[in-house]
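Heads up: the sequence shown is residues 1 to 405, going by full-length UniProt numbering. First comes the structure, then the notes that go with it.
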Amino acid sequence: MSTTLLAINSGKVFLTLGGRHGVTNAVLGSRLVSVPRRSIIDLSYSTHFMDFKGSSIPSSMKKLVVTKLSQNFRHAVSLQTVPVPTPGDGDLLVRNRFLGINASDINYTAGRYDASVRPPFDTGFEGVGEVVGLGLSASAHFTVGDTVAYFDDGAFAEYKVVPVKKIVRIPSAKPEYLTLLVSGATAYIALKRLGELVCEGETVLVTAAAGGTGQFAVQFAKMAKCHVVGTCSTDEKASFLKTIGCDRPINYKAEDLAGVLRREYPRGLNVVYESIGGAVFDLAVNCLAQRGRLIIIGFISGYQTPSGLQPVRSGTLPAKLLQRSASVHGFFLPHFLSDYGEAMRDMLQMCASGKLVCKVDMGDKAPGGRFVGLESVYRAVDHMYAGRNLGKVVVELAAAVESKV
Ligand SMILES: NC(=O)c1ccc[n+]([C@@H]2O[C@H](COP(=O)([O-])OP(=O)(O)OC[C@H]3O[C@@H](n4cnc5c(N)ncnc54)[C@H](OP(=O)(O)O)[C@@H]3O)[C@@H](O)[C@H]2O)c1
């Protein structure tokens with residue numbers, strides 16, 4: 001059977017004619033050349049542009065699939081070989097170069113994002129890579145070779161189809177851009193939106209301050225001219241926190257967190273960016289100042305348990321909040337997508353002008369070394385849950401031979 005497809009290369013569109021079972025001929029300008037057979041050729045590509053040099057697009061790829069609901073990532077997820085997907089009319093096919101690890105990856109594999117979901121389903125929230133194919137409508141905005149980032153479910157794959165509306169154009173495929181998509185955006189929107197919150201001169205406590213999202217909460221609170229207190233578990237993390245403007249890093253393994261807060265902040269905390277949950281949440285509530293605001297960003301201390309939660313002293317919460325006119329807000333990034341575009345534009349500008357530090361941890365100091373390849377996502381999740389990461393945990397996928405990134 002003969003197939004017709006359109007291919008785009010260096011900004012030009014070429015009509016190519018090919019056979020499913022033999023060598024494919026491509027008309028390149030006026031020259032007729034042979035290109036290797038591509039087993040992914042399909043009639044549906046007649047309305048899609050694929051990277052024709054792209055020979056470098058294989059017919060199959062690896063991706064991570066949740067095959068069993070569990071908060072244990074290794075039990076829940078298996079590595080599978082599947083066909084490379086085809087972009088729809090408004091989609092891009094992105095070859096992933098960097099993938100972001102998030103604390104909530106194990107909430108997702110446990111089915112906590114959607115109680116009705118049943119395996120198998122894809123996993124992973126964000127990626128950075130290069131456009132290697134696209135639909136006709138998408139070609140009005142993008143072309144093959146563009147470097148892009150996205151926040152979309154199912155990112156743990158070598159190739160990913162992403163709707164244009166979820167794409168953020170980036171200057172180059174660097175892992176630092178990955179830090180902004182979920183981690184940076186969460187801190188930016190939570191502190192700006194809920195935390196009208198953050199006013200000059202106020203005291204802000206950030207927990208898990210040296211991690212993916214914490215590092216941005218520290219920097220945005222500092223930009224708002226607040227006094228910033230940040231918790232972490234090692235002296236190396238505490239030193240890093242000083243470099244990004246944290247006024248009082250607290251290594252909670254070396255110092256008693258409750259004691260430090262009571263002694264050094266007797267007037268209480270005006271804002272808390274809280275990611276740990278359980279006893280740390282209780283402590284933060286007890287330390288709130290009059291009209292203090294606590295933003296629940298997460299409760300990582302419970303994610304590895306069957307319920308996903310560590311108990312908190314909720315019985316006394318109403319009285320504690322009333323007595324201080326204090327408040328507790330929940331924040332979940334997908335509920336604030338109307339703010340996402342502005343957050344990304346602003347953060348990308350800050351990055352370009354060197355105003356924002358985007359610390360990335362690619363596992364260079366982890367047992368087994370740098371996180372390279374989808375297989376290393378498992379180790380990267382372990383690294384985070386051992387509390388060893390400094391900055392955003394990122395996995396690198398090998399660049400294709402002809403890749404521009
Ligand atoms: N609400 C949202 O939309 C949203 C979006 C993104 C992230 N989050 C939340 O933000 C928090 C941080 O997520 P992230 O992806 O940026 O991770 P991360 O901060 O890069 O890594 C997690 C860090 O948490 C600290 N931690 C404290 N207790 C822990 C425990 N019992 N188990 C494991 N780690 C512990 C560790 O650092 P130290 O112990 O050294 O401090 C660890 O490095 C999580 O609660 C996550 O759910 C929420």
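The beta-carbon is built from N, C-alpha and C at its ideal position, and this holds for glycine as well.
Proximal residues to residue i (C-beta, below 6 Å), its chain only, five neighbours per side dropped
i, result
"residue 399", "none"
"residue 326", "288, 292"
"residue 152", "162, 166"
"residue 180", "347"
"residue 189", "336, 339, 343"
"residue 308", "112, 302"
"residue 147", "130, 170, 172, 173, 405"
"residue 83", "60"
"residue 252", "231"
"residue 312", "281, 282"
"residue 277", "299, 301, 302, 310"
"residue 368", "379"
"residue 214", "206, 208"
"residue 359", "215, 391"
"residue 366", "383"
Residues near residue i in its chain [Cβ-Cβ closer than 7 Å; skip 5 each side]
i, result
"residue 193", "336, 339"
"residue 103", "298, 300, 303, 384"
"residue 39", "Bear in mind that a pLDDT of 33 at residue 39, under 50, signals an unreliable position, so the number given afterwards is only what the model happens to contain. Here the set comprises 59."
"residue 389", "211, 361, 383"
"residue 380", "101, 363, 371, 393, 395"
"residue 70", "76, 109, 110"
"residue 198", "191, 204, 221, 224, 226, 271"
"residue 74", "378"
"residue 117", "111"
"residue 185", "333, 340, 343, 344"
"residue 245", "218, 219, 222, 228"
"residue 216", "183, 184, 187, 188"
"residue 66", "76, 77, 109, 119, 120, 121, 123"
Bridge partner(s) assigned by DSSP for residue i
i, result
"residue 274", "296"
"residue 121", "66"
"residue 82", "61"
"residue 77", "66"
"residue 288", "269"
Neighbourhood of residue i by C-beta, 8 Å cutoff - its chain only, sequence neighbours within 5 removed
i, result
"residue 64", "77, 78, 79, 80, 122, 123, 124, 156, 157, 374, 377"
"residue 126", "99, 100, 102, 149, 150, 151, 152, 155, 178, 181, 182"
"residue 200", "224, 225, 226"
"residue 284", "205, 207, 269, 272, 274, 294"
"residue 280", "207, 231, 257, 274, 301"
"residue 317", "285, 328"
"residue 68", "75, 76, 119"
"residue 305", "71"
Residue i CB to nearest heavy atom of ligand 2 below 7 Å
i, result
"residue 393", "You won't find ligand 2 in this model; what it holds is ligand 1."
If we require 3 or more residues per run, which beta strand (DSSP E) segments fall completely within the region 197-255? 203-206, 227-232, 248-251
Is it true that the region 252-265 meets the region 296-311, where meeting means three or more beta-carbon pairs spaced less than 8 Å apart? no
Contiguous alpha helix (DSSP H) assignments of at least 4 residues, all confined to the region 85-116: 105-109
Report the residue ranges of all beta strand (DSSP E) runs contained in full by the region 319-346; include only those spanning at least 3 residues, in chain order. 327-330
3-residue-minimum beta strand (DSSP E) runs that sit fully inside the region 125-191, ordered along the chain: 126-135, 147-151, 159-163, 167-169
Meets three-Cβ-pair contact criterion under 8 Å: the region 228-246 and the region 175-183: no
The region 134-148 contacting the region 102-118, beta-carbon criterion three pairs below 8 Å: no
Alpha helix (DSSP H) runs contained entirely in the region 351-404, provided each spans 4 or more residues: 377-385
Tell me, please, whether the region 216-236 touches the region 266-278 by the rule of three or more beta-carbon pairs shorter than 8 Å. yes
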